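Residue numbers (the numbering used here): 26 to 338. We put the CB at the ideal spot given by N, CA and C, even for glycine. These numbers were taken from a predicted model, which means no experiment stands behind them.
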C-alpha cells in the first residue's frame with residue numbers, strides 16, 4: 026500500500042494535520058491510530074476547556090475529539106492500528122486486525138503525543154495494592170463508564186493534568202483528600218492552588234517527599250515527609266499525574282535521530298526528522314503542551330509537508 030501522506034497518531038496534532046492536507050486536495054491521506062477511537066486524550070476528559078485555540082469554541086473533551094475527527098473527513102482514519110517499525114524512506118510496518126501490513130508514503134508525520142510517567146518510572150516506594158492509576162487510566166475508567174475505582178484518592182502531582190483529574194473526580198462524585206506535590210510549589214499556573222482549595226475543597230501539600238504507598242488488597246494511605254515530620258494521608262487510591270514523556274518508543278528503536286534533551290525525535294525548523302521522508306509535530310517532540318497548541322503544530326507541519334511534496338514533483 027502506498028499513500029501520499031501517512032500520519033501516525035489520531036489525536037489533536039495528527040487530525041489537525043489531516044484536516045490541512047485534505048483541504049489542500051490530497052485524497053489518499055491515512056491516519057493510523059492504535060486505540061479503538063480517534064481523538065486522543067480529550068475523548069475521556071468530560072470537562073470543558075477544549076477547542077478555543079484551534080476552533081474558537083469551548084467544548085468538553087469528547088465534543089472536541091468528535092470535532093477533530095469530523096474536521097479530518099476525507100482522510101482514512103484506521104483505528105486499532107499500531108506501528109511496529111519505521112524504515113528508511115517512509116516505509117512502516119503496521120499491526121492491524123488483519124495482520125502485519127507494510128505501508129509506504131511519500132511523507133510520514135509522527136504525531137503520537139505523550140504519556141504520563143508511570144509509578145515504576147517515578148520509583149515510588151511502598152507496597153503494590155490496587156488503586157494506583159495515572160490520570161489517563163482514571164479518566165478512561167470514569168468516562169467510558171467502566172467503573173469508579175475509588176472514592177477518596179490522593180492526587181500525586183500538581184501540573185494542569187492534576188486539575189483535570191480533579192474535574193473528572195467531581196464529575197464522578199469522587200472527593201480527593203489531597204493534592205501532593207514533591208516540589209516546593211505547585212506546578213500549575215496561579216491561581217490553581219486557590220481553585221483546588223476553595224472550589225474543590227482539596228488541600229494542596231507542597232514540598233512533600235513520598236515515603237511510600239501503603240495497603241494490602243487496595244490502597245490505604247500515602248506516607249509522606251514534610252517539614253521534618255512524617256505523616257500518613259488516609260486514602261483509598263493514588264492518581265499519579267503529570268511528568269509527561271514523549272510517546273516515541275518506536276522512533277527510538279528506528280534509524281531516526283533523537284533529541285537527547287526532550288526524548289522525542291530530532292527535527293529541524295520545518296518539522297523534518299533526520300530522514301527527510303519523516304516529519305514530527307506535537308507532544309511527541311517534548312513534554313505536554315495544551316491540545317490547541319499541538320493542533321496548531323500539526324497544521325504547521327502539514328503545510329511543511331505540502332511544500333516538500335510540491336518540491337518533490
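Starting from residue 271 and walking both ways along the beta strand (DSSP E), at which residues does that stretch end?
269-271
Going by C-alpha to C-alpha distance, which of 243, 114, 96 sits closest to residue 279?
114
Can residue 156 and residue 261 be called in contact, C-beta distance under 8 angstroms?
yes
Residues in its own chain within less than 8 angstroms of residue 270 by CB, not counting five upstream and five downstream?
139, 140, 141, 142, 146, 288, 312
Only counting runs of 4 or more residues, tell me where the alpha helix (DSSP H) segments fall wholly within the region 118-177, in order along the chain.
With a minimum length of 4 residues, the continuous alpha helix (DSSP H) runs that stay inside the region 118-177 are 144-147, 160-168.
Check whether the Cβ atoms of residue 86 and residue 75 lie closer than 8 angstroms to each other.
yes
Which residues does DSSP list as the beta-bridge partners of residue 303?
133
Assign residue 112 to one of three DSSP states: helix, strand, or coil.
strand
Within a Cβ cutoff of 7 angstroms, which residues of the same chain sit near residue 328, ignoring the five residues on either side of it in sequence?
45
Whole angstroms is fine: what's the gap from residue 239's alpha carbon to residue 149's?
11 angstroms
Give every residue of the same chain whose Cβ lies closer than 7 angstroms to the Cβ of residue 126, excluding the five residues on either side of it in the sequence, and list them in chain order.
Once the five neighbours on either side are set aside, the close Cβ partners of residue 126 are 26, 119.
Under 7 angstroms: does the beta carbon of residue 300 sit that close to some heavy atom of the ligand MG?
The ligand MG is not among the ligands present in this structure, which contains no ligands whatsoever.
Going by the DSSP bridge assignment, what does residue 255 pair with across the sheet?
250
Can you check which of these residues, 232, 170, 163, is closest to residue 201 by C-alpha distance?
163
Using the DSSP secondary-structure output, state which residues sit across from residue 103 in a beta bridge.
57
May I ask you to list the residues that DSSP assigns as paired with residue 290?
According to DSSP, residue 290 bridges with 283.
Return the chain-ordered list of same chain residues with a C-beta closer than 8 angstroms to the C-beta of residue 169, the five sequence neighbours on each side being excluded.
69
Verify whether the separation of the beta carbon atoms of residue 28 and residue 57 is less than 8 angstroms.
no
With three or more C-beta pairs closer than 8 angstroms as the rule, is the region 213-229 touching the region 285-299?
no
According to DSSP, simplified to helix, strand and coil, what is residue 96?
helix
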